[in-house]
Every structure is written in structure tokens, then in C-alpha cells.
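*Asks:*
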Amino acid sequence: MNVLDTEVTARHSTMAEKKAWLSIPVFARPDGDFTHAQRMKILDAAYTLTTPDTPTA
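According to the working numbering, the stretch in the sequence shown is residues 5 to 61, in order.
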């Protein structure tokens with residue numbers, strides 16, 4: 005089998021949008037021992053280190 009073509013796709017969004025997405029419980033529940041409240045505390049701490057309205061890819 006040969007690859008005939010590839011395409012790179014990027015989605016641009018802000019950290020504020022990503023934080024909102026990760027605040028939804030169903031998307032913030034990977035395997036692990038943290039509660040949702042603990043995950044949100046970690047997310048809030050990390051978010052303060054970002055520039056919320058700067059677009060990222």
C-alpha cells in the first residue's frame with residue numbers, strides 16, 4: 005500500500021476556549037485518581053500561566 009497524498013489540518017482556538025472545553029466533566033475525565041474538583045483546580049492553576057485570548061494551533 006502506498007500513500008498517495010497527505011494533508012495537515014490545524015484547528016485554531018484560544019486558551020479560553022480550550023479551558024471551557026476541558027471544564028465539561030465528560031471531557032475532563034481521563035483515567036486517574038483525581039476528582040473533578042481536583043482537575044478543575046489544576047486546570048485553573050495552569051490557565052493562569054497562559055494568555056487566554058491568544059490564538060493557538
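Backbone N, C-alpha and C fix where the C-beta goes; we use that ideal spot for every residue, glycine too. Predicted, not measured: the structure shown is a model, and the values here were computed from it.
Starting from the C-beta of Ala-50, find all residues in its chain whose C-beta is less than 8 Å away, skip the five residues before and the five after it, and write them out in chain order.
*Replies:* Answer for Ala-50: no residue qualifies.
*Asks:* Distance, Cα to Cα, Leu-8 vs Ala-14?
*Replies:* 20 Å
*Asks:* Here's a check: name, in chain order, each residue in its chain whose Cβ is nearer than 8 Å to the Cβ of Pro-59, leaving out the five neighbours to either side.
*Replies:* His-16, Ser-17 and Thr-18
*Asks:* Between which residues of its own chain and Ala-32 is the CB-CB distance below 6 Å, once the five residues before and five after are set aside?
*Replies:* Leu-26 and Arg-43
*Asks:* Could you check where the alpha helix (DSSP H) with Glu-11 kicks off and where it finishes?
*Replies:* No alpha helix (DSSP H) contains Glu-11, which DSSP labels as neither H nor E.
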